[in-house]
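Report on the structure given below.
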Amino acid sequence: MDSSPIDSSSSSSTLSSPTSSPHSAAHDNQSRTLTLSQLEQCKVEERVFEIYRIFSDAPAHTQTLMVELWRDKHIEFLTRGFNQLGPSYHVLDANRPWLCYWILHSRALLSESIDTELENNTIDFLSRCKDKNGGYGGGPGQLPHLATTYAAVNTLVTLGSDAALLSINREELHSFLLRMKDSCGAFRMHTAGEIDVRACYTAISVASILNILDLELVTGLGDYILRCQTYEGGIAGEPGSEAHGGYTFCGLATMILINEVDKLDLSSLIDWVAFRQGVECGFQGRTNKLVDGCYSFWQGGSLCIIQRLLSIAHHQIKSSPISLKHLSVDGNADSASFTGCKPDRSPYQIHDFDGEEAGKRSAIGLEFIKITNEGPLFHSIALQQYILLCSQVLEGGFRDKPGKQRDHYHSCYCLSGLSVCQYSFSKTADSPPLPNAVLGLYSNLLEPIHPLYNVVLEKYYKVQALL
Ligand SMILES: CC(C)=CCC/C(C)=C/CC/C(C)=C/COP(=O)(O)OP(=O)(O)O
Ligand SMILES: [Zn+2]
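Position 55 of the sequence shown, counting from 1, maps to 55 under the UniProt record's numbering, and the rest follow consecutively.
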């Protein structure tokens, strides 16, 4: 047998060569071998623990400095990135509405306003990305796509001026969304494109925030997303795939916005997401993968959303045919409890919709934010520690993990994750957190967001008042 533990010829990432004989020495050693991903995991853990060791050995005032949010540096990095997006920009050309959103949303989280010239340029640029039949493409003249439509709409909401909001043609956008709707109930990313939970979320998020969400857009969608919840409890991109944090956020937020969240198995969803927070204090996106700063929002944000749904989760457990209260001491279900009855409708059903009440359906976002928050289902301070000590780059910007480069995507989702952590103990969405909910100085505090759309809460209120 090869003396090297790394079997580089194998298509699997196993570090020791698998054997056909179950009784060979190699098989006996299998429990002691590592997969490549476990080795990477050890390396990340080592780096992160070294940072935490330095942090815990430091005197209190140095610790405070170490977890300081370097606002000015972040604003500088974000503003520089934004200024580079001009007409000669060609890197990630099909992603420019995303870059606008990641950068402007990050700046808004840092309470940084935008000057009129920059705002007008952004409205003008996004208007040129708009297709004449509705929807926004990745750049002027490009095909409309749901992901860039979501990014463009959230950018305009984040700008928040009447000019920005009125530049959106809601009627055309609605007809674009209908064209993306498939007969199975889900959405395609673009004409003849892939169907997945991301497409469902981006379609429903823009329809909801712009008050154009109607029965036609919603029909059959809840059942599609339900088919994406896996045996692990998380949600996959499409039926039969692996549960992933990004899709879990998308599926969960969509189910709430269409008023069907009680169809999901919430307790297994909570379990799956909560167990994705690792010893490194950050979240991983899926089982056995590495932690990454962007999941601070996709996973941390999902738990912050579920913190408002605990009454439904409790109701599901109580009305489950194999309810915990019916389990006998040896853990077997009492046969008398197999009622075969469907659980009652949950108390969360905020509206019984009849007909095309787009206004009421869109009001779900507003109703949701008023539900009392029961407190974090994850270690909020630990996650803030990962974001500030491991993802924050002192020259400005955020990264996946130590050793990786900063970028605008990670800056947006690390800051969004930091905001949800800081408000995770607050009973209401915009009540200022107590000082001990914020790691480091209170001046680290960011603006609160609406977690279902990931826009700053105040910007969300503005669009609701105008449309
Ligand atoms: C609103 C919107 C468009 C949301 C997108 C949600 C999102 C982030 C989906 C994740 C997609 C995915 C399978 C990444 C895996 O990447 P990987 O294999 O490189 O990462 P991993 O090892 O962490 O799983
Ligand atoms: Zn990432």
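For glycine and all other residues, C-beta sits at the position ideal for the given N, C-alpha and C.
>> Just verifying my parser: in three-state terms, what is the DSSP assignment at threonine 79?
In response: Taking the first residue of the sequence shown as 1, we reach residue 79 at position 79. Threonine 79: helix per DSSP, three-state reduction.
>> Could you compute how far the alpha carbon of glutamate 238 sits from the alpha carbon of proline 97?
In response: As a first step, residue 238 is located in the sequence shown; it is residue number 238 there, counting from the start. As a first step, residue 97 is located in the sequence shown; it is residue number 97 there, counting from the start. Looking at the two C-alpha atoms, the distance is approximately 25 Å.
> Is there at least one non-hydrogen atom of ligand 2 closer than 7 Å to the beta-carbon of cysteine 281?
Replying inline: Along the sequence shown, one-based indexing puts residue 281 at 281. It does not: the Cβ of cysteine 281 is nowhere closer than 7 Å to a heavy atom of ligand 2.
> Looking at cysteine 294 and ligand 2, is the gap between the Cβ and the nearest heavy atom below 7 Å?
Replying inline: Indexing the sequence shown from 1 puts residue 294 at position 294. Correct: cysteine 294 has its Cβ closer than 7 Å to ligand 2.
> Considering only residues of the same chain and omitting the five flanking positions on each side of cysteine 304, which have a CB-CB separation below 7 Å?
Replying inline: Along the sequence shown, one-based indexing puts residue 304 at 304. The answer, listed in chain order, is Val420, Ser424 and Pro451.
> Between the C-alpha atoms of glutamate 374 and aspartate 131, what's the straight-line distance to the nearest angstrom?
Replying inline: Walking along the sequence shown from the start, residue 374 turns up at place 374. Walking along the sequence shown from the start, residue 131 turns up at place 131. Straight-line Cα distance between these residues: approximately 43 Å.
> Between which two residues does the alpha helix (DSSP H) containing histidine 314 stretch?
Replying inline: Taking the first residue of the sequence shown as position 1, residue 314 is located at position 314. Run containing histidine 314: 310-318, per the alpha helix (DSSP H) assignment.
> Going by other Cβ atoms of all chains shown within 10 Å of its Cβ, with 16 needed for buried, is glycine 417 buried or exposed?
Replying inline: What you label residue 417 is simply residue 417 of the sequence shown in a count that begins at 1. Glycine 417 is buried by the Cβ-count criterion.
>> Please tell me whether serine 268 and tyrosine 413 are closer than 8 Å, where the distance is taken between their beta carbons.
In response: One-based indexing of the sequence shown puts residue 268 at position 268. One-based indexing of the sequence shown puts residue 413 at position 413. Not a contact, by the Cβ cut-off of 8 Å.
> Going by DSSP, which residues form a beta bridge with threonine 191?
Replying inline: Against the sequence shown, residue 191 aligns to sequence position 191. In the DSSP output, where bridge partners are listed per residue, threonine 191 has none listed.
>> With three or more beta-carbon pairs closer than 8 Å as the criterion, would you say the segment 430-449 touches the segment 54-72?
In response: yes
>> Just checking histidine 408 against ligand 2 - is the residue's beta carbon closer than 7 Å to any of the ligand's heavy atoms?
In response: Working through the sequence shown from its first residue, we reach residue 408 at position 408. Checking the Cβ of histidine 408 against ligand 2 gives no.
>> Given this structure, state the Cα-to-Cα distance separating leucine 177 from leucine 434, to the nearest angstrom.
In response: For the purposes of this step, residue 177 is taken as residue 177 along the sequence shown, with counting starting at 1. For the purposes of this step, residue 434 is taken as residue 434 along the sequence shown, with counting starting at 1. Straight-line Cα distance between these residues: approximately 41 Å.
> Taking the alpha-carbon positions, what's the aspartate 400 to tyrosine 101 distance?
Replying inline: Residue numbering aside, residue 400 sits at position 400 when the sequence shown is read from its first letter. Residue numbering aside, residue 101 sits at position 101 when the sequence shown is read from its first letter. Their backbone Cα atoms lie some 19 Å apart in a straight line.
> Who does lysine 130 pair with in a DSSP beta bridge?
Replying inline: Taking the sequence shown and counting its residues from 1, the one referred to as residue 130 is at position 130. Beta-bridge pairing links lysine 130 to Tyr136.
>> If distances are taken between C-alpha atoms only, which option among Ala186, Ile317 and Lys360 comes closest to serine 208?
In response: Along the sequence shown, read from residue 1 onward, the residue named residue 208 stands at position 208. When only C-alpha atoms are compared, the closest one is Lys360.
> Could you give the distance in angstroms between the alpha-carbon of leucine 104 and the alpha-carbon of leucine 110?
Replying inline: As a position in the sequence shown, residue 104 is number 104, starting the count at 1. As a position in the sequence shown, residue 110 is number 110, starting the count at 1. Each residue's Cα considered, the two are about 10 Å apart.
> How is threonine 219 classed by DSSP in three states: helix, strand or coil?
Replying inline: For the purposes of this step, residue 219 is taken as the residue at position 219 of the sequence shown. Threonine 219: coil per DSSP, three-state reduction.
> Distance, Cα to Cα, leucine 143 vs glycine 137?
Replying inline: Position 143 of the sequence shown holds residue 143. Position 137 of the sequence shown holds residue 137. The straight-line gap from Cα to Cα measures roughly 5 Å.
> Within 10 angstroms of its Cβ, does arginine 107 collect 16 or more other Cβ (buried), or is it exposed?
Replying inline: Within the sequence shown, residue 107 is the residue found at index 107, counting from 1. Its Cβ being crowded by 16 or more others within 10 Å, arginine 107 is buried.
> From isoleucine 114 to valine 48, what distance separates their C-alpha atoms?
Replying inline: For the purposes of this step, residue 114 is taken as the residue at position 114 of the sequence shown. For the purposes of this step, residue 48 is taken as the residue at position 48 of the sequence shown. Approximately 35 Å, taken between the alpha carbons.
> Does DSSP put residue 476 in a helix, a strand or coil?
Replying inline: Any question about residue 476 goes unanswered here, given that the chain covers just 1 to 467.
>> Using the three-state DSSP reduction, which class does phenylalanine 275 fall into: helix, strand or coil?
In response: Along the sequence shown, one-based indexing puts residue 275 at 275. In the structure shown, phenylalanine 275 sits in coil (DSSP, three-state: anything other than H, G, I, E or B).
>> Between serine 205 and alanine 164, how many whole angstroms is the CB-CB distance? I'm expecting something under 8 Å.
In response: The sequence position of residue 205 within the sequence shown is 205, counting from 1. The sequence position of residue 164 within the sequence shown is 164, counting from 1. The Cβ separation is near 17 Å, so there is no contact.
> glycine 86 to aspartate 93, Cα distance in whole Å?
Replying inline: Stepping through the sequence shown from its first residue, residue 86 is reached at position 86. Stepping through the sequence shown from its first residue, residue 93 is reached at position 93. Whole-angstrom Cα-Cα distance: 11 Å.
>> DSSP three-state label for serine 51, please.
In response: Along the sequence shown, one-based indexing puts residue 51 at 51. It is isoleucine, not serine, that sits at residue 51 in the sequence shown. DSSP places isoleucine 51 in helix when its eight states are reduced to three.
>> Among the candidates Ile75, Val44 and Cys42, whose CA atom is the shortest distance from the CA of histidine 408?
In response: Here residue 408 is taken as the residue at index 408 of the sequence shown, counted from 1. With distances taken between Cα atoms, histidine 408 lies closest to Ile75.
> Of the choices Arg188, Phe77 and Val291, whose alpha-carbon is the least far from that of glycine 278?
Replying inline: Sequence index remark: in the sequence shown, residue 278 carries index 278 (1-based). Minimum Cα distance to glycine 278 is reached at Val291.
> Looking only at DSSP bridge pairs, what is threonine 158 linked to?
Replying inline: In the sequence shown, the residue the question calls residue 158 occupies position 158. In DSSP, threonine 158 forms no bridge with anything.
> How is lysine 181 classed by DSSP in three states: helix, strand or coil?
Replying inline: Along the sequence shown, read from residue 1 onward, the residue named residue 181 stands at position 181. In the structure shown, lysine 181 sits in a strand (DSSP, three-state: E or B).
>> Since threonine 158 and valine 456 should fall inside the 8 Å C-beta cutoff, what is the C-beta to C-beta distance between them, to a whole number of angstroms?
In response: Residue numbering aside, residue 158 sits at position 158 when the sequence shown is read from its first letter. Residue numbering aside, residue 456 sits at position 456 when the sequence shown is read from its first letter. Sure, about 7 Å apart at Cβ, within 8 Å.
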